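Reviewing the structure listed below.
There are 2 protein chains.
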Amino acid sequence: MAREETLTGPDPVEGGWRAVPTLDLPPILAAALDAFREHGYHGTSVRDIARRVGVTVPALYYHYANKEALLLALLDRITQDFLQRALAADAEAGDDPRRRLAYVVESIVIGRTRQLGLAALESEIRYLTAENRARQTATRDQVEQVLREIVAAGVSNGDFDVVDEAEVVRAILGLCHSVLAWFRPDGELGPEEVAERYGRIALQMVTGASSTQVDRPPA
Amino acid sequence: MAREETLTGPDPVEGGWRAVPTLDLPPILAAALDAFREHGYHGTSVRDIARRVGVTVPALYYHYANKEALLLALLDRITQDFLQRALAADAEAGDDPRRRLAYVVESIVIGRTRQLGLAALESEIRYLTAENRARQTATRDQVEQVLREIVAAGVSNGDFDVVDEAEVVRAILGLCHSVLAWFRPDGELGPEEVAERYGRIALQMVTGASSTQVDRPPA
Numbered sequence: 038m039a040r041e042e043t044l045t046g047p048d049p050v051e052g053g054w055r056a057v058p059t060l061d062l063p064p065i066l067a068a069a070l071d072a073f074r075e076h077g078y079h080g081t082s083v084r085d086i087a088r089r090v091g092v093t094v095p096a097l098y099y100h101y102a103n104k105e106a107l108l109l110a111l112l113d114r115i116t117q118d119f120l121q122r123a124l125a126a127d128a129e130a131g132d133d134p135r136r137r138l139a140y141v142v143e144s145i146v147i148g149r150t151r152q153l154g155l156a157a158l159e160s161e162i163r164y165l166t167a168e169n170r171a172r173q174t175a176t177r178d179q180v181e182q183v184l185r186e187i188v189a190a191g192v193s194n195g196d197f198d199v200v201d202e203a204e205v206v207r208a209i210l211g212l213c214h215s216v217l218a219w220f221r222p223d224g225e226l227g228p229e230e231v232a233e234r235y236g237r238i239a240l241q242m243v244t245g246a247s248s249t250q251v252d253r254p255p256a
Numbered sequence: 038m039a040r041e042e043t044l045t046g047p048d049p050v051e052g053g054w055r056a057v058p059t060l061d062l063p064p065i066l067a068a069a070l071d072a073f074r075e076h077g078y079h080g081t082s083v084r085d086i087a088r089r090v091g092v093t094v095p096a097l098y099y100h101y102a103n104k105e106a107l108l109l110a111l112l113d114r115i116t117q118d119f120l121q122r123a124l125a126a127d128a129e130a131g132d133d134p135r136r137r138l139a140y141v142v143e144s145i146v147i148g149r150t151r152q153l154g155l156a157a158l159e160s161e162i163r164y165l166t167a168e169n170r171a172r173q174t175a176t177r178d179q180v181e182q183v184l185r186e187i188v189a190a191g192v193s194n195g196d197f198d199v200v201d202e203a204e205v206v207r208a209i210l211g212l213c214h215s216v217l218a219w220f221r222p223d224g225e226l227g228p229e230e231v232a233e234r235y236g237r238i239a240l241q242m243v244t245g246a247s248s249t250q251v252d253r254p255p256a
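So the sequence lines, in the order shown, correspond to chains A and B.
If you count by the working numbering, then the first sequence holds residues 38 to 256, one letter each, in order.
If you count by the working numbering, then the second sequence holds residues 38 to 256, one letter each, in order.
Structure (structure tokens):
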């Protein structure tokens, strides 16, 4: 039975959920990532990845059963980091829904800025088998569930004012993920600063919905 | 000199910026889109596209100079629709910054829900030459500029309260684009309803920033 490389890299939340370790991929995964980014998933062969890392094709198959297993291992790094950070942030925040929301959003944004190198892969999720895609989705759903609980708690104690709880959670997640589109490691703001600002914007998104109306001239 | 197909489809804003026409691609572009979605850009050959549409390779080259020209023509549909809708929405909204923001956000969200079939292509933008990528970016920057002007107008007249104007515009654009990740044509809400809700969330994002703070226990 094939198994993953023994060099599995650091624990995703080593150093706490605010830590931003460098992307530390084992050699085969690093080569697969480079190849997928250059030529796309379908444009890459297992032979090409083996050549990049300097191993034979059978040696590569000892670690990963096929090309999809490489893609899945890379995507798993993203989703597991995503979930573990969110759970750690929520635990640290205590009971205040406002602090819980801010911390979890910060954890997601920090995680995203760490995963720039993996980001281009996310659209390749459509090439996974249904079973593997479901596994990815289930992990992401757990993060969504954490946010749903936080928003429900804030609505319940009167801190938050939203039109539709599920919708605003989806919107907040969309906002967090969008950081990938523009964040640059050498930019003006570091991951923690961007994360804190997005935590604040997320709090605005769950505040004052019922007083937000726009006058529309009659059609 | 190669030229695009004569069947260029409907004007992007035919029927106004709220209209959601079906994606009406000329045959070669439709075949290219199907092939890129199934096999990725690098996994697709011009020969494969020609075979799908039932023309010879030279006939295809008469319309599009190469595979990148096909990708660019598809991406241009997204970005031109994006810009034309935003400009039309802003013009209709008049002078009120709140209505301008709501309408432009609605126009972007409606445009996104229309482009589901093209969405998977956006990550392939990295395969364009620098010149073609710059052309795409320039069109997107024009939409960002419209939003920047609206936010500046709202801050100036006291309607809006934000920490960083450029940042909140980026956040709003990220929110709008994220609709692609979950919107389904057979879902509970139609494009106009989703758009209106996102317009409201965007207004919340530019409101009340200076009173949004989270108590943080000492580190």
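The beta carbon of each residue, even a glycine, is placed where N, CA and C say it ideally should be.
Bear in mind that the values here come from a model prediction, so they are computed numbers and not experimental data.
Classification of residue i by the beta-carbon crowding that lies within 10 angstroms, buried from 16 upward
i	result
S248(B)	exposed
A102(A)	exposed
R234(A)	buried
A39(B)	Low confidence applies here, because A39(B) scores a pLDDT of 45, under 50, leaving its location unreliable; read the following figure in that light. By the 10 Å Cβ count, A39(B) comes out exposed.
P95(B)	exposed
E168(A)	exposed
T166(B)	exposed
V206(B)	buried
V180(B)	buried
D61(A)	exposed
S193(A)	exposed
E225(A)	exposed
A278(A)	Shown here, chain A extends from 38 to 256; a query on residue 278(A) therefore has no answer.
G91(A)	exposed
E230(B)	exposed
T93(A)	exposed
R149(B)	buried
Q250(A)	exposed
D132(B)	exposed
D178(B)	exposed
Below-9 angstroms beta-carbon distance, residue i vs any chain A residue
i	result
V200(B)	yes
E204(B)	yes
L107(B)	no
L210(B)	yes
Q117(B)	no
G245(B)	yes
A96(B)	no
D127(B)	no
D133(B)	yes
R207(B)	yes
A190(B)	no
R185(B)	no
9 angstroms Cβ cutoff met for residue i and residue j
i	j	result
V146(B)	V188(B)	no
L70(B)	L155(B)	yes
Q152(B)	I209(B)	no
V183(B)	L124(B)	yes
W54(A)	Q117(A)	no
A232(B)	E143(B)	yes
G191(A)	L108(A)	no
R185(B)	R136(A)	no
H79(B)	H79(A)	yes
L97(B)	E161(B)	no
V134(A)	D196(A)	Per the sequence presented here, residue 134(A) reads as Pro, with Val not at that position. Closer than 9 angstroms, so yes.
R237(B)	V200(A)	yes
A245(A)	G211(B)	Residue 245(A) is actually Gly in this sequence, not Ala. No, the pair does not count as a contact, with Cβ atoms beyond the cut-off.
Residue interval of the alpha helix (DSSP H) (run including residue i)
i	result
T176(B)	167-193
P254(A)	Premise fails: P254(A) is in no alpha helix (DSSP H) and is neither H nor E.
R163(A)	No alpha helix (DSSP H) holds R163(A); DSSP gives it neither H nor E.
H76(B)	64-76
S215(A)	Element bounds for S215(A): n/a, residue is neither H nor E.
G89(B)	Note that residue 89(B) is Arg in the sequence shown here, rather than Gly. Here the alpha helix (DSSP H) through R89(B) covers 83-90.
A102(B)	No alpha helix (DSSP H) holds A102(B); DSSP gives it neither H nor E.
S144(B)	134-151
is_contact[residue i, chain B] using C-beta, thresh 9 angstroms
i	result
P47(A)	Since pLDDT at P47(A) reaches only 40, below the 50 mark, its modelled position is unreliable, and the value read off the structure follows with that caveat. With 9 angstroms as the cut-off, P47(A) does not count as an interface residue toward chain B.
R151(A)	no
V251(A)	yes
R122(A)	no
M242(A)	yes
R84(A)	no
Cross-chain neighbours of residue i in chain C, by beta carbon under 9 angstroms
i	result
R88(A)	Absent from the structure: chain C. Protein chains present are A and B.
Inset, instruction - Give the residues from the region 52-79 of chain B that approach chain A closer than 7 angstroms (Cβ to any Cβ), ordered along the chain. - result: Going along the region 52-79 of chain B in chain order, one finds H76, G77, Y78, H79 with a Cβ nearer than 7 angstroms to chain A.
Inset, instruction - Closer than 8 angstroms, Cβ to Cβ, to anything on chain A: give me those residues from the region 212-240 of chain B, in chain order. - result: Under the 8 angstroms Cβ criterion, the region 212-240 of chain B contributes L212, H214, S215, V216, A218, W219, R234, Y235, G236, R237, I238, L240.
Legend entry - Under 9 angstroms (Cβ pairs) to chain A, residues found in the region 159-183 of chain B: Along the region 159-183 of chain B, the positions whose C-beta sits under 9 angstroms from a C-beta of chain A are E159, S160, E161, R163, Y164, read in chain order.
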